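There are 2 protein chains.
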Amino acid sequence: MNKLILLFMPKSADEKRIKILESAKRRFAHYGMSKTTMAEIAKDLSFSKALLYYYFPDKNSLYCAVLDYVITEQEEDILEKLKPINNTEKAIMIILEKRMEYIKRYYNLFEYTFNTSKDVPEDLGKVIICSFEKQHEQITSILKNGAKSGALVIDNYEETARLLLFSLMGMRLIVIKDLKHSFFPTKEEFDAILEMQKKMAQIFIKGLSA
Amino acid sequence: MNKLILLFMPKSADEKRIKILESAKRRFAHYGMSKTTMAEIAKDLSFSKALLYYYFPDKNSLYCAVLDYVITEQEEDILEKLKPINNTEKAIMIILEKRMEYIKRYYNLFEYTFNTSKDVPEDLGKVIICSFEKQHEQITSILKNGAKSGALVIDNYEETARLLLFSLMGMRLIVIKDLKHSFFPTKEEFDAILEMQKKMAQIFIKGLSA
DNA sequence: TATTTGACTAATTCTTTTAAATATTCAAGA
DNA sequence: TCTTGAATATTTAAAAGAATTAGTCAAATA
Numbered sequence: 220m221n222k223l224i225l226l227f228m229p230k231s232a233d234e235k236r237i238k239i240l241e242s243a244k245r246r247f248a249h250y251g252m253s254k255t256t257m258a259e260i261a262k263d264l265s266f267s268k269a270l271l272y273y274y275f276p277d278k279n280s281l282y283c284a285v286l287d288y289v290i291t292e293q294e295e296d297i298l299e300k301l302k303p304i305n306n307t308e309k310a311i312m313i314i315l316e317k318r319m320e321y322i323k324r325y326y327n328l329f330e331y332t333f334n335t336s337k338d339v340p341e342d343l344g345k346v347i348i349c350s351f352e353k354q355h356e357q358i359t360s361i362l363k364n365g366a367k368s369g370a371l372v373i374d375n376y377e378e379t380a381r382l383l384l385f386s387l388m389g390m391r392l393i394v395i396k397d398l399k400h401s402f403f404p405t406k407e408e409f410d411a412i413l414e415m416q417k418k419m420a421q422i423f424i425k426g427l428s429a
Numbered sequence: 220m221n222k223l224i225l226l227f228m229p230k231s232a233d234e235k236r237i238k239i240l241e242s243a244k245r246r247f248a249h250y251g252m253s254k255t256t257m258a259e260i261a262k263d264l265s266f267s268k269a270l271l272y273y274y275f276p277d278k279n280s281l282y283c284a285v286l287d288y289v290i291t292e293q294e295e296d297i298l299e300k301l302k303p304i305n306n307t308e309k310a311i312m313i314i315l316e317k318r319m320e321y322i323k324r325y326y327n328l329f330e331y332t333f334n335t336s337k338d339v340p341e342d343l344g345k346v347i348i349c350s351f352e353k354q355h356e357q358i359t360s361i362l363k364n365g366a367k368s369g370a371l372v373i374d375n376y377e378e379t380a381r382l383l384l385f386s387l388m389g390m391r392l393i394v395i396k397d398l399k400h401s402f403f404p405t406k407e408e409f410d411a412i413l414e415m416q417k418k419m420a421q422i423f424i425k426g427l428s429a
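Residue numbers (my numbering), protein chains in the order written: chain A, 220 to 429; chain B, 220 to 429.
Below you can see the structure in the form of C-alpha cells.
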C-alpha cells in the first residue's frame with residue numbers, strides 16, 4: 220500500500236505534487252470534499268486527470284494529504300506565535316484565536332471532517348486522530364509549563380488537557396450544530412463561539428490556579 | 220392551533236391520554252421516534268389508531284408531549300434531590316448524575332432530538348429550547364446561591380451558567396459523536412462521559428471560587 | 001526510467017418510477 | 001363526548017436506469 224508513503228513523503232519531494240495540493244486545497248476549502256471533482260482540480264492546473272492519480276492513489280488520499288498539509292501549516296503557525304509566550308492563559312487564547320482563524324478560512328475543508336461520523340476511511344481517521352493528539356500534547360505542554368512556574372496545580376496533565384480540549388471542541392460543536400439556517404456560520408457566529416471559548420478557558424485555568 | 224393546548228394540558232385531565240403517553244413513551248424510548256408507528260402504540264393499548272388522533276393532533280405532537288412528559292419528570296426528580304443541598308459542587312454533581320441516568324434510560328427518545336439538527340418541527344424546537352432554558356435557569360440559580368454564600372465570585376450569572384452548560388453538553392456530544400461502533404453507547408462509555416463532566420465541572424467551579 | 005495522457009471501465013450518485021408502509025382523515029356509531 | 005373501521009394522503013423503500021465521477025491502463029513522450 221503506497222498511500223502512506225505518498226502521504227508522508229517530504230513536501231519538497233516534487234514540485235508538481237505541491238501544485239496539485241495547492242489547487243486541491245483551494246477547491247476543497249471552497250466547495251468541500253464531495254462537491255469537488257478530480258476533473259476540476261486537474262483542469263485548474265491544465266493537467267490530465269490521470270496525472271493526479273500518478274501522484275495520489277485516490278481522491279481520499281488527496282483529501283487527507285491536503286488536510287494534513289493545512290493542519291501542519293496551522294501547527295507551525297501556532298508554534299511560532301507561542302514561542303515568546305510564557306503565560307498559560309495567553310497561550311491558550313492564542314491557540315483559540317488561531318484555530319478559529321483556520322476554521323473560518325478552511326471551513327468547508329474541515330466540515331467534511333466534522334460531519335462524517337461513521338465510516339471514516341482508515342487514513343482520514345489517522346489524520347484526524349493525529350491532529351487531535353498534537354493539540355492534546357500542545358495543551359499538555361502548556362499546562363506543564365504553568366505548573367512548573369508554580370502558577371498552576373495539576374495532578375494529571377494529560378487528563379486535564381483532554382478535559383479542556385473536549386470542553387472547547389464540544390462548545391464549538393454544540394453551537395455550530397444548532398445554527399438552523401445555513402451551511403456556513405457567519406463571521407458573527409464564529410466570533411461568538413470564540414468569545415465563549417475564551418471565557419470558558421479563562422475560568423478553567425483559574426480553576427487550576429495554585 | 221390546538222397543539223399547544225393539548226401539549227400543556229394538565230396531566231390529570233384525561234386518564235386515557237396518560238395511557239397513550241405512557242405507552243408511547245415505552246415505544247419511543249426503546250425504538251426511537253422513526254421506528255415506532257402509531258399503529259403499534261394503539262395496538263399496545265388495544266385502542267384504535269384513530270383514537271390516538273382524538274387525543275393528539277399528529278405523531279409529532281405525541282412525540283413532543285412524551286418528551287415534555289419525561290423532561291418534566293426529570294426536572295422534578297432533580298429538584299427534589301437538590302432540596303437539601305446547599306453546596307455548589309454537590310448540586311452540579313447531582314444534576315450531572317441525574318441527567319446521565321435519564322439519558323441512559325431514555326436514550327432513543329432523546330436520540331431523535333440530538334440527531335435532528337436541520338428542519339426541527341416548530342413545536343419540537345419549542346420543547347427542546349424550553350428544556351434548555353430550564354436547565355440554564357437551574358444552573359444560574361445554583362451559581363447565585365454559591366455567590367450569595369460568599370463561596371463564588373461571578374459577574375454575570377446567566378452567561379457563566381451558559382458557559383458551563385455548553386461545555387458539559389458539548390463534552391457529551393463530542394464523545395458520543397465519535398463512538399464509531401454502534402448506535403447505542405455502552406454503560407462504560409456513559410460512565411466515562413459522566414466522569415469527564417464531573418471533573419470538568421469541578422475545575423470550572425473552582426475557577427469561580429472566591 | 002519517470003512522467004504524462006486519452007480513452008476506457010468501474011463505482012457512485014442522481015432521477016424516476018412503482019410499490020409498500022405509515023400517517024392522517026372522516027363519516028358514522030356508541 | 002368518545003370511539004371505530006374503512007378510506008385517503010404522505011412518506012418511505014426498493015428497483016431500474018441514466019448521468020456523473022472515480023479510478024485504470026496501454027501507449028506516448030521526454
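No residue lacks a Cβ here, since even glycine has one placed at the ideal position from N, Cα and C.
This structure is a prediction, so every number in the text was calculated from the model and none was measured.
In this structure, residue 267/B lies near residue 261/B, with their beta-carbon atoms less than 8 Å apart. Any Cβ of chain A closer than 8 Å to the Cβ of residue 312/B would place that residue at the interface, and such an atom is absent. Burial is judged here by how many other beta carbons sit within 10 angstroms of a residue's own beta carbon; residue 397/B has fewer than 16 and is exposed. Going by beta carbons, residue 240/A and residue 288/A fall inside the 8 Å limit.
If you draw a straight line from the Cα of residue 243/A to the Cα of residue 285/A, it comes to about 7 Å. Scanning chain B for C-beta atoms nearer than 9 Å to the C-beta of residue 385/A yields 386, 389, 390, 393, 394, 415 and 419, reported in chain order.
Annotation: Cβ neighbours of residue 425/A in chain B (cutoff 7 Å, chain order): 426. Closest in alpha carbon position to residue 425/B, among 406/B, 366/B, 412/B and 404/B, is 366/B.
For residue 242/A, the three-state secondary structure derived from DSSP is helix. The three-state reading of DSSP puts residue 298/B in helix, counting H, G and I together. The continuous alpha helix (DSSP H) containing residue 269/A extends over residues 268–274.
Under a criterion of Cβ atoms nearer than 8 Å, the residues of chain A adjacent to residue 422/B are, in order, 379, 382, 423, 426 and 427.
The residues 308, in chain order, have a CB closer than 7 Å to that of residue 421/A in the same chain once the five nearest residues on each side in sequence are set aside.
Distances from the CA of residue 380/A to each of 356/A, 320/A and 314/A were compared; the closest alpha carbon is that of 356/A.
Within the DSSP bridge table, the entry for residue 368/B names no partner. In summary, residue 283/B is buried, with 16 or more beta-carbon neighbours lying within 10 Å of its beta-carbon over all protein chains present.
If the five residues before and after residue 373/B are omitted, its C-beta is found closer than 7 Å to the C-beta atoms of 362, 366, 379 and 427, all from its own chain and listed in chain order. Distance between residue 348/B and residue 258/A, taken at the CA atoms: about 45 Å. Every alpha helix (DSSP H) of 4 residues or more that sits fully in the segment 346–415 of chain B is shown, in chain order, as 376–396. Listed in chain order, the non-local C-beta contacts of residue 251/B below 7 Å within the same chain comprise 327, 330 and 331, local neighbours out to five positions each way being set aside.
Looking at the backbone, the Cα of residue 390/A and that of residue 302/A are separated by about 27 Å. When the alpha-carbon of residue 339/B is set against those of 417/B, 429/B, 418/B and 279/B, the nearest one is in 279/B.
When the beta-carbon positions are compared, residue 312/B and residue 235/B stay at least 8 Å from each other. For residue 353/A, same chain residues with a beta-carbon under 7 Å away, outside a window of 5 residues either side, are 294 in chain order. The three-state secondary structure of residue 428/A, taken from DSSP, is strand. Burial is judged here by how many other beta carbons sit within 10 angstroms of a residue's own beta carbon; residue 405/B has fewer than 16 and is exposed.
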